[in-house]
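K.L.:
Numbering (this note's numbering), first residue to last: 174 to 551.
Okay, here's the thing in structure tokens:
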């Protein structure tokens with residue numbers, strides 16, 4: 174294994190590329206005295222090691238990802254990485270700044286990494302892989318309100334044992350490879366490569382355990398609510414569940430990642446709209462009072478036969494609008510439902526539900542109609 178770890182300050186060059194500052198780097202001559210990410214990348218790629226690992230803990234370290242994988246030589250780099258193995262772990266996204274808590278000996282990222290390597294992962298495997306390390310870092314950093322790490326893996330490097338797990342208990346019958354159950358389930362929800370249904374089931378299990386009063390799972394809901402890397406509907410679900418659990422500040426914090434109009438009142442409105450009246454007629458009247466186009470009824474029968482998907486779409490549309498989400502955010506959420514969570518039918522039903530909202534302008538309704546056409550074509 175060839176591992177490069179850098180902890181320090183980074184700047185952006187005039188072309189946007191990440192430059193790692195060195196002992197003699199000066200701001201005036203940054204591009205001549207610093208180390209360009211592309212130069213480091215080339216040096217790493219010349220190594221004969223089968224496993225190559227780059228760990229960066231610095232401001233804008235997430236910018237290393239497009240630098241390594243998004244330039245003109247991206248195909249060649251990726252192909253080489255697939256053959257030899259490459260894993261990149263950074264302390265923040267490309268557009269975010271890494272954290273260095275005042276008075277601490279280490280940055281948040283490095284401090285937590287040292288903590289995991291020294292103390293290990295309870296209920297985890299005998300050895301800690303790079304994936305295990307990432308999962309533990311992601312959980313701990315988000316739980317402490319620090320920038321979340323990023324990773325790119327183009328080979329088998331992620332499963333290679335990095336160190337022994339100091340928290341490993343050989344007496345445990347079947348240690349969970351993902352660590353504690355709450356961390357493992359959260360990892361399943363957060364893993365974009367995981368099958369959508371598995372992600373949804375993991376989220377449902379977290380919610381169920383949080384409702385039963387298990388604190389670690391409630392924290393998992395809090396992390397999901399503010400994790401903007403997740404599908405919006407995952408966040409919305411976590412936000413709503415937190416509000417039902419009485420965790421209103423945490424729910425509002427999650428909602429603030431989606432709208433400037435986040436408030437406890439918006440959460441109360443969402444709860445009202447999802448609390449169904451005792452009869453269908455009362456629900457239809459509620460829709461009309463809220464300026465929503467209610468389905469027609471004739472002789473106590475649906476004039477339009479509403480499927481379960483239709484009803485789900487109406488309820489989801491109502492919840493998003495009650496939470497003060499604008500048209501663009503609603504469309505983005507539905508787009509993710511179709512393309513990330515792979516459920517076009519529910520996406521279509523949700524757009525149809527949104528079209529019933531009478532508060533949208535004519536232009537906004539046209540935007541919904543255009544989006545609906547795209548969904549039905551695909």
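Every residue gets a Cβ at the ideal spot worked out from N, C-alpha and C, and that includes glycine. Because the structure is a prediction, the values reported are computed rather than measured.
Looking only at DSSP bridge pairs, what is residue 185 linked to?
P.N.:
Residue 185 is bridged to 191.
K.L.:
Note the first and the last residue of the continuous alpha helix (DSSP H) segment covering residue 205.
P.N.:
It spans 203 to 206 - the alpha helix (DSSP H) in which residue 205 sits, taken as one unbroken run.
K.L.:
Assuming residue 358 contacts residue 379 (C-beta within less than 8 Å), just tell me the rounded distance between them.
P.N.:
The Cβ separation is near 5 Å, so the contact holds.
K.L.:
For residue 536 and residue 545, what's the separation of their Cα atoms in angstroms?
P.N.:
Roughly 14 Å separates the two Cα atoms.
K.L.:
Would residue 495 and residue 534 qualify as a contact pair, given that the criterion is a beta-carbon distance under 7 Å?
P.N.:
Contact flag unset, no.
K.L.:
Entirely within the stretch 452 to 527 and at least 3 residues each: give me those beta strand (DSSP E) ranges in chain order.
P.N.:
Fully enclosed beta strand (DSSP E) runs of 3 or longer: not present.
K.L.:
What does a CB cutoff of less than 7 Å around residue 524 pick up in its chain, not counting 5 residues either side in sequence?
P.N.:
Correct list, in chain order: 507, 541, 544, 545, 548.
K.L.:
Which residue or residues does DSSP assign as beta-bridge partners of residue 180?
P.N.:
Beta-bridge pairing links residue 180 to 230.
K.L.:
Give me the DSSP bridge partner(s) of residue 326.
P.N.:
Looking at the DSSP assignment, residue 326 forms a beta bridge with 260.
K.L.:
Would you check if the stretch 379 to 392 and the stretch 328 to 337 touch, i.e. whether three or more CB-CB distances between them fall below 8 Å?
P.N.:
As far as the Cβ criterion goes, the stretch 328 to 337 does not touch the stretch 379 to 392, which means the pair count is below three.
K.L.:
Could you check what DSSP says for residue 301 in three-state terms: helix, strand or coil?
P.N.:
Of the three classes helix, strand and coil, the one that applies to residue 301 here is strand, per DSSP.
K.L.:
In chain order, what residues of the same chain lie with their CB nearer than 7 Å to the CB of residue 294, ignoring the 5 residues before and after it?
P.N.:
Taken in chain order, the residues that qualify are 301, 305, 309, 338, 340, 352.
K.L.:
On the three-state DSSP scale, how would you describe residue 321?
P.N.:
Residue state, collapsed to three classes: coil.
K.L.:
Taking buried to mean at least 16 other C-beta atoms within 10 Å of its own C-beta, is residue 311 buried or exposed?
P.N.:
Counting Cβ neighbours within 10 Å, residue 311 comes out buried, since at least 16 surround it.
K.L.:
Check the DSSP bridge columns for residue 530 and list the partner residues they point to.
P.N.:
BP columns for residue 530 point to 465.
K.L.:
Which two residues bound the contiguous alpha helix (DSSP H) that contains residue 215?
P.N.:
Looking at the DSSP string, the run of the alpha helix (DSSP H) that includes residue 215 is 210 to 218.
K.L.:
Residue 291: buried (16+ other C-beta within 10 angstroms of its C-beta) or exposed?
P.N.:
Exposed: under 16 other Cβ atoms inside 10 Å.
K.L.:
Could you tell me how far apart the beta carbons of residue 262 and residue 213 are, in whole angstroms, since I believe they sit closer than 8 Å?
P.N.:
Wrong, their Cβ atoms sit about 14 Å apart, outside the cutoff.
K.L.:
Return the CA-CA distance between residue 375 and residue 187, expressed in angstroms with no decimal places.
P.N.:
Roughly 43 Å between the two C-alpha positions.
K.L.:
Under DSSP, the beta strand (DSSP E) around residue 335 begins and ends at which residues?
P.N.:
Note, residue 335: beta strand (DSSP E), 334 to 337.
K.L.:
Go to residue 422, then tell me how far its alpha helix (DSSP H) extends in each direction, as first and last residue.
P.N.:
Residue 422 -> alpha helix (DSSP H) spans 421 to 428.
K.L.:
Excluding the five sequence neighbours on either side, which residues of its own chain have a C-beta within less than 6 Å of the C-beta of residue 491, listed in chain order?
P.N.:
Same-chain partners within the cutoff: 446.
K.L.:
Based on the DSSP output, what are the partners of residue 175 in its beta bridges?
P.N.:
Residue 175 pairs with 225.
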